[in-house]
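Taking the UniProt record's numbering, I'd label the letters of the sequence shown as residues 1 to 830. Idealized CB from N, CA, C, for every residue including glycine. This one's a predicted model, so the numbers in the text were calculated from it and none came from an experiment.
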Amino acid sequence: MYKTYEQSRVNSVSLSLCTLKDYSWDVFLDWDYFCLNTKRFIGSCISLWYTVNVLLCEISKLLLLQSSYQRVCESKGRMSLKPKRVDFNKTWHVLQETIKGVITLANIPRAIWNDRFSDVYSLCVAYPEPLADRLYDETKRFLINHVDHLLVQVNSYNDKWELLPAYYRAWTEYSQGIDYLHSLYLYLNQQHIKKQKLSEAELIYGTSLHNREEECQEQMEIGELGLDIWKKKMIIPLKKKLVSLLLTCIDADRDSKLLAPTDVICGVIESFVRVEDHKMKGKLNLYQEIFEEPFLEASGEFYTAEASSLLQQSDVTRYIEKVTWRLAQEEARAYKFLHKSSVAKVRACCEDKMVAAHVDLLHSEAEMMIKNESRRDLALLYPLLRSLPGGLDPLVQHLTRHITLQGLQAIGPLQGENVYMQFVENMLNVHSKYSEMIKEVFNSDQSFVGALDKACSAIVNYRPAPKQPVRAPELLARYCDILLKKSPRAASESEIEDKLKRSITVFKYVDDKDVFQKFYSRMLAKRLIHQQSQSMDAEEMMIDDLKRACGYEFTNKLHRMFTDMSVSADLNAKFITTLREGDGENQLGTGFTVKVLQAGAWPLGLPPSPGPFHVPQQLEKSVQAFEAFYHMQFSGRKLTWLHHLSQGELKFNYLKKPYLVTVQTYQMALLLLFEHCDTIPCKEAAASLRLSHDQLMKHAASLVDCKILTKSNDGELEEDTILTLNFSYSNKRTKFRVTGVLQRDAPQDAEATHRSVDEDRKMFLQAAIVRIMKSRKLLKHNQLIQEVLSQSKVTFAPSIGMIKKCIETLIDKQYIERTPNSADEYSYIA
């Protein structure tokens, strides 16, 4: 017997099973049993690394019991918890009346409730033998009789439509009453029934769950027992009638008819779930077996009939609208009536019968929708096909073909001098149009974004003939050139930057990016050399965008070109300072600016003249002075003068008004021959300048065309043609430029660029093959091909034939060799 002083022992484990206050009555507890089970429980929790959380959970449950006992003690004043002899029949007779009131939701006074709570406790700890098992059996028998009685009442209605409301009323009363009864039997649940069950840790981590599951289910807590009895004694006997009525009600709801209140239908279905909610596994088995499966079967039949009816009564477009509406309605209906786990199954059933069963018809109609660009219809069709495995594949293929066809029609017939502007603008319009369509109709689905990319790539890289080069790289480079070059009608800087950024969209689809790079670098060189850039900020922004798209190596030479321009400016400033610091003989007497360019960075050819060009006497001193200055600054470097890319400014003083004319170096040299004469034969001029006749004719033709010079004959310039200075020349502008022949873009330049690209590609592929073989030493033919393709895909897509030729070239050069034992294997020659 543990008296008042024993309370300290209970507090030592932070449990207060009863607050004694001023009472002197004895407290009898199965303390040894409690300590033993607590220690065993703590030990098992420690072994499962579960100690703290589970222990606190158990402590909270014991405190709940203590709180309940405390309230009983306070209500009865003086009550002994000491086990005693109990007359079961007498106690059960009294307890049964209260149970009947609780289960029928009758009004139970607090004092009676507390007395019955004490009776449950007394029966569980009765002396000499606890009566908990007998109490459990009698309670179970009472609940079975009570549910049997309710079953008779529910079945007593003649009208079948009264069955659902009657069942719902009985369930509502019973389920709430069983919750109250569970609370009344708290001590039995916690101290008797739960001791027979596995702990939470064992249920989660234990290995003997399957072996002991049936054993631990022999006795259930009162709440669980009541629900289990309801399932076996009420739901199982009525399941056919209930489910049939439920299916009829839900089917009527599809036609906007109400055969039973919504709360009744939901309540009956909810009871199928609630009666097994206490299970650790298979909580929805009963619901799925007796209701969900028949419901899905009946729904499938309904959807099949509905689909057939709709197809007979309307066209495909109307059918898609109806199916979309039906899916939304069924999903909302599932959320309203069914368990949440059934919503996806209902939608899948509807889609299977109304969409998947007629997918071929929908796919055939989709092709026409895309051809007509029926955005509304496609927006309805897209979510229907998205849920089907592979349902969107034909739609994606149709869209790819449609965009490709529309794009080729947009860029195919382009002609004229402005073709590059039309090409890029039309391509951007196609891309913008279908990007917006994919966003609006297909919710930016990546499958359709990929279709757009594939179509745009096919459009941009289209070849009119197999052997003709792709036009897109050149046209795109010229488009950028016209935006970046100075022009009287140039757009604002912000508009230029916006168009350049949009041009990157087209650039990303270009396969032959090295061709674009070659054209772009040549045009950039002309802009920089002739100071024709509209904005240096725009130039640098474009190069940065190209670097982000293709990497630093792609724009390395372009960056070096800008560096050369900056270095040249500093070099010219230092040259002028050096001249000023010298004596008077060093003064040039003319403005002279030099751009020093790295041969490896600039796409510039050698001078076209077969021999050394004779620099005019007026420039000879300046050229010699700069060469002397440069060699003093940088010993060991060689300067090559690119006169065909140079220009000068002359002032015409022989006319009625002076003119400032910018001309090419060869044109300037020709005009300076007229410094001391008015006429000169072409043959003599060519000899003086050390130019071939063809070269002189090209440069003289520009001066004749603009009427600065006149010729003695009407046809082509011949060797005996006499060039005469035109003293009657006039121009509205006093400052103008004469375009040189090399500043004009000729068709031969494009062909030469493509030939240069082909040579660069061969060298690139050979270098890539050598790098790969040096690293791998031994490699199969197909593996080598794949690695070369992987390394070159950033700038261009080489053909397999080109790679094979490069391999053969390297074999001839003895960089690699075929292995003796295998014809399709190569080894690196160190």
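Using DSSP's beta-bridge definition, name the partner residues of residue 222.
Answer is none; residue 222 lacks a bridge partner.
Rounded to whole angstroms, what is the Cα-Cα separation between residue 242 and residue 170?
14 Å
Give me the DSSP bridge partner(s) of residue 681.
722
With a Cβ-Cβ cutoff of 8 Å, do residue 794 and residue 456 count as a contact?
At least 8 Å separates the beta-carbon of residue 794 from that of residue 456.
Alpha-carbon spacing of residue 816 relative to residue 757, whole angstroms
25 Å
Segment limits, alpha helix (DSSP H) that includes residue 506
493-507
According to the neighbour-count rule (16 or more other Cβ atoms, all chains shown, within 10 Å of its Cβ), is residue 348 buried or exposed?
exposed
Between the C-alpha atoms of residue 502 and residue 428, what's the straight-line distance to the nearest angstrom?
7 Å
Does residue 424 come out as helix, strand or coil in the three-state DSSP assignment?
helix
For the stretch 101-144, list the alpha helix (DSSP H) runs that are entirely contained and at least 4 residues long, ordered along the chain.
If only uninterrupted alpha helix (DSSP H) runs of at least 4 residues are considered, those enclosed by the stretch 101-144 are 110-124.
For residue 514, count the other beta carbons within 10 Å of its own beta carbon; 16 or more makes it buried, fewer makes it exposed. Which is it?
Buried, because 16 or more other Cβ atoms sit within 10 Å of the Cβ of residue 514.
Among 662, 277 and 702, nearest to residue 339 - alpha-carbon criterion
277
Let's test the definition: count the other Cβ atoms within 10 Å of the Cβ of residue 364 and tell me whether it reaches 16, buried, or not, exposed.
exposed
Report the rounded CA-to-CA distance for residue 518 versus residue 698, giving the unit in angstroms.
26 Å
Contacts around residue 307, its chain only, beta-carbon distance under 7 Å, and the 5 residues preceding and following it disregarded:
Result list for residue 307: 353, 354, 357 and 358, in chain order.
Report back the beta-carbon spacing between residue 172 and residue 267 to the nearest angstrom; my notes put them in contact at under 8 Å.
Yes, residue 172 and residue 267 are in contact; Cβ-Cβ is about 7 Å, under 8 Å.
Report the rounded CA-to-CA distance for residue 408 versus residue 500, giving the unit in angstroms.
Each residue's Cα considered, the two are about 22 Å apart.
At the 8 Å Cβ level, is residue 512 part of the contact set with chain D, yes or no?
No chain D is present in this structure, which holds just one protein chain.
Apply the 10 Å Cβ neighbour rule to residue 656 and answer buried if 16 or more other Cβ atoms are within range, or exposed otherwise.
exposed
Please report how far the alpha carbon of residue 235 lies from the alpha carbon of residue 222, in whole angstroms.
18 Å
Between residue 588 and residue 579, is the Cβ-Cβ spacing less than 8 Å?
yes
Hey, how far is the Cα of residue 115 from the Cα of residue 254?
53 Å
Residues of its chain near residue 870, where Cβ-Cβ distance is below 8 Å and the 5 sequence neighbours each way are ignored
In the structure as shown, the chain starts at 1 and stops at 830, and residue 870 therefore has no counterpart that could be examined.
Figure out for me which residue from 566, 284, 323 and 592 has the closest Cα to the Cα of residue 577.
Put simply, of 566, 284, 323 and 592 the residue whose alpha carbon is nearest the alpha carbon of residue 577 is 592.
Among 189, 99 and 111, which residue has its Cα nearest to the Cα of residue 146?
99
When 377, 323, 750 and 295 are compared against residue 337, the one with the closest alpha-carbon:
295
Within 10 angstroms of its Cβ, does residue 4 collect 16 or more other Cβ (buried), or is it exposed?
Residue placement at residue 4 is flagged as unreliable, the pLDDT there being 29, under the threshold of 50; a coordinate-derived value is accordingly withheld.
Would you mind working out which of 497, 131 and 507 sits nearest residue 453, comparing C-alpha positions?
507
When the Cα atoms are used, what is the spatial distance from residue 228 to residue 326?
37 Å
Put residue 818 into one of helix, strand or coil per three-state DSSP.
strand
Can you check which of these residues, 615, 97 and 626, is closest to residue 596 by C-alpha distance?
626
Delimiting residues of the beta strand (DSSP E) encompassing residue 648
According to the DSSP assignment, residue 648 belongs to the beta strand (DSSP E) that extends over 647-652.
Residues sharing a beta bridge with residue 825, DSSP:
BP columns for residue 825 point to 780.
Cβ-heavy atom distance, residue 680 to the ligand PLP, below 7 Å:
Absence of the ligand PLP is noted for the structure shown, with no ligands found whatsoever.
Give the DSSP-derived three-state secondary structure of residue 415 in the structure shown.
coil
Name the two residues that bound the continuous alpha helix (DSSP H) containing residue 446.
446-460
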